[in-house]
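Using our numbering, read the sequence shown as starting at 999 and increasing by one per residue. All residues carry an ideal CB built from backbone N, CA and C; glycine is no exception.
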Amino acid sequence: MPFGPASRLGVERFDSDSPYENLPGDEDAKKEEVITAVYRQVMGNAYVMESERQVVAESQFKLGEISVRELIRRIAKSNLYQSRFFDACSRYRYIELAFRHLLGRAPASFQEMRLHAERLDSHGYEADIDSFLDSDEYQNNFGEYTVPYQRGWRTESCSTMQEFGWSFQLLRGNSSSSLKGDLAGISSKLGGAAYQNLPIAVVAPSSADSQGWSFRPAANLQDAATRLGAGATGKMYRVNVTGYRANNIRPISRYTKSNRVYFVPFEKLSQEFKRIHKEGGVISSITPM
């Protein structure tokens, strides 16, 4: 288990993983590993059902008819990718995820994101996907046979510290995907910082000794704990809830915002979990305080 800076920042997988590469003459077992790596990278670590896989493209790849880059192109242009990351997300959320999935990095500036937004308006979705995969940057870093991987951590330096900070807004631990387990959901993760080209501080991942990826403790945290019933020795937990939506019983959610945060004492966690699930919420993280 790594205990260096990569572990403290939650990117130990990207620090230790070697790039996946397929070369002419590789055995079928190696090709299956590459296909799995392609789905994991392009789909942002999301689960893909057997019925959603691009069977024709996979067969062509195994037969040597298309390269890794062309397999990625087929998946990125498929209804699977488009429905999850383009149709369901805001415009700039899709763009920042496309950078992450196809080039292995965060956008370098808002100007770079705006160029893709303009291309979407003038040429459409498929042309925008092609602009990533046919770029000199893609060819120079991955070529025809290498699966894109997270860059800017161990493999190379980011162009700016701003890009380095932004990259951690798009990265999370191994158990989460690009949309699930992230309070940003379908909204832009970089948000106003991207519009103003502002850096974002890198916050360590959740653990017993830190306060999570995206928040810092409030000054009146102890007062809040006292009001919720935790005594001097009581253990409090921060519960992040995402995806509040109406369930079958209540046609319209009573919450105006889908993401909420609760501070809950240990002895009331079970009761609070039942209430959240009953009201249609999805718990994205639980952090001890």
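Three or more C-beta pairs closer than 8 Å, one from the region 1098-1116 and one from the region 1130-1146: is that the case here?
Yes: the two stretches touch, three or more of their Cβ pairs being nearer than 8 Å.
Might you give, ordered along the chain, the residues of its own chain that have their beta carbon closer than 6 Å to the beta carbon of residue 1262, omitting 5 neighbours on each side?
Same-chain partners within the cutoff: 1235, 1237, 1270.
Where residue 1045 falls, given that 16 or more other Cβ within 10 Å makes a residue buried:
Residue 1045 comes out exposed.
Figure out for me which residue from 1259, 1040, 1064, 1107 has the closest Cα to the Cα of residue 1075.
Closest by alpha carbon: 1040.
With distances taken from CA atoms, which of 1077, 1273, 1278, 1025 is nearest residue 1308?
Examination of residue 1308 is not possible in this model, given that the chain is present from 999 through 1287 alone.
If I measure Cβ to Cβ from residue 1032 and keep anything under 7 Å in the same chain, skipping five residues before and after, which residues do I get?
Excluding the 5 residues flanking it on each side, residue 1032 has same chain C-beta neighbours closer than 7 Å at 1018, 1020, 1066, 1145, in chain order.
Quick check on residue 1184: does DSSP put it in helix, strand or coil?
Reduced to three states, the DSSP call for residue 1184 is coil.
Can you tell which of 1037, 1029, 1282 has the C-alpha that lies nearest to the C-alpha of residue 1058?
Of the residues 1037, 1029, 1282, the one whose Cα lies closest to the Cα of residue 1058 is 1029.
List the endpoints of the continuous beta strand (DSSP E) containing residue 1238.
Per DSSP, residue 1238 belongs to the beta strand (DSSP E) from 1234-1240.
9 Å Cβ cutoff met for residue 1094 and residue 1169:
Using a Cβ distance threshold of 9 Å, residue 1094 and residue 1169 do not count as a contacting pair.
Under a three-way DSSP split, which group does residue 1066 fall into?
In this structure, residue 1066 counts as helix in the three-state DSSP scheme.
Going by beta-carbon coordinates alone, are residue 1188 and residue 1090 separated by less than 9 Å?
If you check the CB distance, residue 1188 and residue 1090 come in under 9 Å.
Checking contacts by CB at 9 Å: is residue 1261 closer than that to chain B?
Checking the listed chains, one finds no chain B in this structure; it contains a single protein chain.
Residue 1361 versus residue 1022 - alpha carbon distance
Outside the modelled stretch of the chain, which goes from 999 to 1287, sits residue 1361, for which no answer is possible.
The beta strand (DSSP E) spanning residue 1198 covers which residue range?
Here residue 1198 belongs to no beta strand (DSSP E), and DSSP marks it neither H nor E.
If you reduce the DSSP assignment to three classes, tell me which class residue 1282 lands in.
Note: residue 1282 maps to strand in three-state DSSP.
Rank 1078, 1072, 1070 by C-alpha distance to the C-alpha of residue 1048 and give the top, closest one.
The shortest Cα separation from residue 1048 among 1078, 1072, 1070 belongs to 1078.
Could you tell me which of 1138, 1259, 1072, 1149 sits nearest to residue 1280, measuring between CA atoms?
Each of 1138, 1259, 1072, 1149 was checked against the Cα of residue 1280, and the nearest Cα belongs to 1259.
What separation, rounded to the nearest whole angstrom, lies between the Cα atoms of residue 1056 and residue 1161?
The straight-line gap from Cα to Cα measures roughly 33 Å.
Tell me which residue opens and which closes the alpha helix (DSSP H) that residue 1089 is part of.
Counting along the chain, the alpha helix (DSSP H) containing residue 1089 begins and ends at 1089-1096.
Residue 1096 beta carbon less than 9 Å from that of residue 1083
In contact: residue 1083 and residue 1096 (Cβ atoms closer than 9 Å).
Assigned exposure category for residue 1286 - 16 Cβ within 10 Å defines buried
With fewer than 16 Cβ atoms within 10 Å of its Cβ, residue 1286 is classed as exposed.
DSSP puts residue 1263 in a beta bridge; with which residues?
DSSP links residue 1263 through a beta bridge to 1234.
Apart from the five residues on each side of it in sequence, which residues of its chain come closer than 8 Å, Cβ to Cβ, to residue 1050?
Annotation for residue 1050: 1078 place their beta carbon closer than 8 Å to its own, counting only its chain and skipping 5 residues before and after.
Could you pull out every residue in the same chain whose Cβ sits closer than 8 Å to the Cβ of residue 1114, ignoring the five residues on either side in sequence?
Here the set comprises 1093, 1096, 1126, 1129.
Note the first and the last residue of the continuous alpha helix (DSSP H) segment covering residue 1139.
Start and end: 1134-1139.
My assumption, with CB atoms under 8 Å, is that residue 1088 sits in contact with residue 1185. Please give the rounded CB distance.
With a contact defined as Cβ atoms closer than 8 Å, residue 1088 and residue 1185 qualify at about 6 Å.
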